[in-house]
Amino acid sequence: MGAAVCAGCFVFDDRHLPDTNASDASLEAAREAGPLGAVSFESKSFASSDRNTIDLPVPANAKVGDVFIAAFLVDTAGSTADAAGWTRLSDCKQSERDYHAFFFFRVADGTEKDKFSFAITSSHLSTTGVLTNYRGVDTTRIHGECAARSPASSFASDALTLESVPSTVVMTFTNDIGCNPWGSSSTLKERVVSDDRLIFSGDVEATTKNVPATTVECDAKNGAAVVNTVALYAK
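Below, the structure written as structure tokens:
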């Protein structure tokens, strides 16, 4: 006879309880990984430079396995060279304002020092960069893309269709005139704004694999932007 099914009864599921035979090291790793099935924002840093390099401080609380996302705004359509250990997510040129935005990610492996250095090629050597790090990310499933936006007082990302529902969608907006985001029509959860207000980044909670366009309202008129979208999935 098959087991009886009790409608409405609580069923105990022990699949995600700690293994009492696990080593101290594995238990500590499980604690540091964060909640099951969650991606968490951890910290941020930013910098600007008028030299041929830019250094982004490494957050003090970064742990092995964290995912770093770096965004750069380079004037006069300059270039950011690939750096060892980093993967280029996307890059877009804003031709009307003649600047270039670049986006990279890196998985923390414990070899990080106090800063990340990137080489810049630009005639004016004026660069702004921000760094954010996230925990609990499936590092085999990181989706990134970007799109340029014409001068306006608000900017919107493209609607995005993914293979499955992501845990977090990170939107990073680079702009050419320095604006204060998070106006009344903004639909983005604020995470970081660079000190010169040229790069701002936030998260969108995705509930379906079809991520709608996300809008950021800017208090400065006639700015131009590049919008980068990164979908992160939980481990």
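Heads up: the sequence shown begins at 964 in this note's numbering, then just goes up one per residue. We treat Cβ as the ideally placed atom computed from N, Cα and C, and that holds for glycine.
I'd like to know whether the C-beta atoms of residue i and residue j end up nearer to each other than 7 Å.
i, j, result
"Thr-1091", "Ile-1083", "no"
"Val-1037", "Ser-1130", "no"
"Val-1235", "Lys-1078", "Because the chain spans 964 through 1198 in this model, residue 1235 falls outside it and cannot be assessed."
"Gln-1057", "Ala-1197", "no"
"Thr-1135", "Leu-1151", "no"
"Ile-1105", "Phe-1068", "yes"
"Ala-1025", "Leu-1019", "no"
"Thr-1074", "Val-1128", "no"
May I ask you to report which of helix, strand or coil DSSP gives residue i?
i, result
"Asn-1141", "For the record, residue 1141 in the displayed sequence is Gly; it is not Asn. DSSP places Gly-1141 in coil when its eight states are reduced to three."
"Ser-1116", "coil"
"Val-1128", "coil"
"Val-1002", "coil"
"Thr-1091", "strand"
"Asp-1013", "coil"
"Val-1021", "coil"
"Arg-1069", "strand"
"Leu-1161", "coil"
"Ser-1042", "strand"
"Glu-1177", "This sequence places Thr at residue 1177; Glu is not what is there. Correct three-state label for Thr-1177: coil."
"Ala-993", "With a pLDDT of 42 at Ala-993, under the threshold of 50, the modelled position of that residue is not reliable, and no figure is offered here."
"Ser-1008", "strand"
"Ser-1149", "coil"
"Val-1027", "coil"
Could you check how far apart the C-beta atoms of residue i and residue j are, in whole angstroms? I think they sit under 8 Å.
i, j, result
"Asp-1054", "Phe-1065", "4 Å"
"Asp-1166", "Phe-1004", "6 Å"
"Ala-1169", "Val-1132", "5 Å"
Please report the distance separating the alpha-carbon of residue i from that of residue j.
i, j, result
"His-1063", "Ala-1111", "9 Å"
"Asn-1173", "Leu-1125", "6 Å"
"Ser-1008", "Thr-1192", "19 Å"
"Asp-1139", "Leu-1052", "21 Å"
"Val-974", "Val-1100", "Residue confidence for Val-974 is low, a pLDDT of 34 falling below 50, so the modelled location carries little weight and cannot support an answer."
"Val-1179", "Pro-1144", "6 Å"
"Trp-1049", "Ser-1116", "33 Å"
"Arg-1014", "Phe-1035", "14 Å"
Could you check whether the stretch 1027–1036 touches the stretch 1092–1101, counting it as contact only if at least three pairs of C-beta atoms, one from each stretch, sit closer than 8 Å? yes
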